[in-house]
Amino acid sequence: KAGVTQTPRYLIKTRGQQVTLSCSPISGHRSVSWYQQTPGQGLQFLFEYFSETQRNKGNFPGRFSGRQFSNSRSEMNVSTLELGDSALYLCASSPRRGLAGSSYEQYFGPGTRLTVT
Amino acid sequence: GQNIDQPTEMTATEGAIVQINCTYQTSGFNGLFWYQQHAGEAPTFLSYNVLDGLEEKGRFSSFLSRSKGYSYLLLKELQMKDSASYLCAVSTGNTPLVFGKGTRLSVIA
Numbered sequence: 001k002a003g004v005t006q007t008p009r010y011l012i013k014t015r016g017q018q019v020t021l022s023c024s025p026i027s028g029h030r031s032v033s034w035y036q037q038t039p040g041q042g043l044q045f046l047f048e049y050f051s052e053t054q055r056n057k058g059n060f061p062g063r064f065s066g067r068q069f070s071n072s073r074s075e076m077n078v079s080t081l082e083l084g085d086s087a088l089y090l091c092a093s094s095p096r097r098g099l100a101g102s103s104y105e106q107y108f109g110p111g112t113r114l115t116v117t
Numbered sequence: 118g119q120n121i122d123q124p125t126e127m128t129a130t131e132g133a134i135v136q137i138n139c140t141y142q143t144s145g146f147n148g149l150f151w152y153q154q155h156a157g158e159a160p161t162f163l164s165y166n167v168l169d170g171l172e173e174k175g176r177f178s179s180f181l182s183r184s185k186g187y188s189y190l191l192l193k194e195l196q197m198k199d200s201a202s203y204l205c206a207v208s209t210g211n212t213p214l215v216f217g218k219g220t221r222l223s224v225i226a
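From first to last, the protein sequence lines are chains V and L.
For the first sequence, our numbering begins at 1 and goes up steadily by one.
For the second sequence, our numbering begins at 118 and goes up steadily by one.
Now the structure itself:
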């Protein structure tokens with residue numbers, strides 16, 4: 001079974017531009033979550049999608065948005081890029097969504113390394 | 118709020134045993150995960166604890182005490198390839214995973 005794939009792997013943008021990152025989950029996985037990883041803050045949750053609906057959102061400004069398609073593939077968009085948005089953006093998929101009293105394992109993709117200059 | 122603490126860095130000798138601690142204070146608890154992340158790579162799943170006690174998987178073991186908000190990851194017979202960051206993460210039910218900032222382990226000869 002193919003793992004989680006993310007494209008592109010590396011990206012360089014300038015301040016003020018916008019960027020779209022793509023994530024294809026493991027076949028059969030319906031939950032996709034996005035995380036931002038920086039050396040100072042570690043891994044921080046951005047949002048989670050399940051069945052094309054955003055289920056949870058982390059504490060990030062509205063410049064960060066995402067969506068999920070019917071085939072479970074997901075995209076995230078960052079508008080009006082700032083220098084502080086430079087980070088590794090990780091996508092993770094799971095076969096099911098966590099419910100109260102249960103939990104689930106997430107499988108991470110290799111990430112997209114975004115550099116904003 | 119959500120708070121997960123783990124040491125920033127640790128160093129251990131090849132062949133030795135190392136214990137990486139994690140304490141957490143979260144609103145809700147659905148389980149605790151440990152992930153390994155080599156530099157430049159994606160995190161990979163190591164272990165999962167939802168009940169108190171020790172879970173053993175080969176050279177790796179993970180312990181959980183829910184009443185104390187405490188977990189540790191035990192690595193035995195350390196190998197050079199174990200040099201990596203180890204991430205403690207809690208599933209709260211509100212977000213998929215809340216991560217600590219990770220412990221960078223260096224294994225030396």
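Cβ coordinates follow ideal geometry from the N, Cα and C atoms, glycine included.
Continuous beta strand (DSSP E) stretch holding residue i: start and end
i              : result
R221 (chain L) : T220 to I225
V207 (chain L) : A201 to S208
D169 (chain L) : D169 (chain L) -> no beta strand (DSSP E), and no H or E assigned at all.
N138 (chain L) : V135 to Q142
T7 (chain V)   : T5 to T7
K57 (chain V)  : T53 to K57
N120 (chain L) : N120 to D122
E48 (chain V)  : G42 to F50
Residue-level contact to chain L via CB, residue i, 7 Å cutoff
i              : result
E52 (chain V)  : no
E48 (chain V)  : yes
T5 (chain V)   : no
S65 (chain V)  : no
L43 (chain V)  : yes
S33 (chain V)  : yes
G109 (chain V) : yes
N56 (chain V)  : yes
E75 (chain V)  : no
E82 (chain V)  : no
Buried versus exposed, by CB contacts within 10 Å (16 or more), residue i
i              : result
Q54 (chain V)  : exposed
P160 (chain L) : buried
H29 (chain V)  : buried
Q123 (chain L) : buried
S102 (chain V) : Residue placement at S102 (chain V) cannot be trusted, given a pLDDT of 47 that sits under 50; what the coordinates show is reported in the next sentence. Exposed, because fewer than 16 other Cβ atoms sit within 10 Å of the Cβ of S102 (chain V).
L171 (chain L) : exposed
Beta-carbon proximity of residue i to residue j, cut-off 7 Å
i              : j              : result
Y89 (chain V)  : Q68 (chain V)  : no
L204 (chain L) : L181 (chain L) : no
L191 (chain L) : Q136 (chain L) : yes
A228 (chain L) : L195 (chain L) : Lying outside 118 to 226, the shown extent of chain L, residue 228 (chain L) is not represented and no answer is given.
G186 (chain L) : T140 (chain L) : yes
A87 (chain V)  : F108 (chain V) : no
Below-7 Å beta-carbon distance, residue i vs any chain V residue
i              : result
A159 (chain L) : yes
G175 (chain L) : no
T220 (chain L) : no
P213 (chain L) : yes
S216 (chain L) : Ser is not the amino acid found at residue 216 (chain L); the sequence shown has Phe there. True, the Cβ-Cβ gap to chain V drops below 7 Å.
F162 (chain L) : yes
Nearest-angstrom Cβ-Cβ length linking residue i and residue j, presumed shorter than 8 Å
i              : j              : result
F64 (chain V)  : L83 (chain V)  : So it is not a contact: roughly 15 Å between Cβ atoms.
S31 (chain V)  : Q6 (chain V)   : Going by Cβ atoms, the distance from S31 (chain V) to Q6 (chain V) rounds to 16 Å, so no, they are not a contact pair.
F146 (chain L) : V207 (chain L) : 6 Å
N77 (chain V)  : Q37 (chain V)  : That pair is no contact at about 18 Å.
G62 (chain V)  : W34 (chain V)  : The pair is not a contact, with the Cβ atoms about 15 Å apart (cut-off 8 Å).
M127 (chain L) : L222 (chain L) : 5 Å
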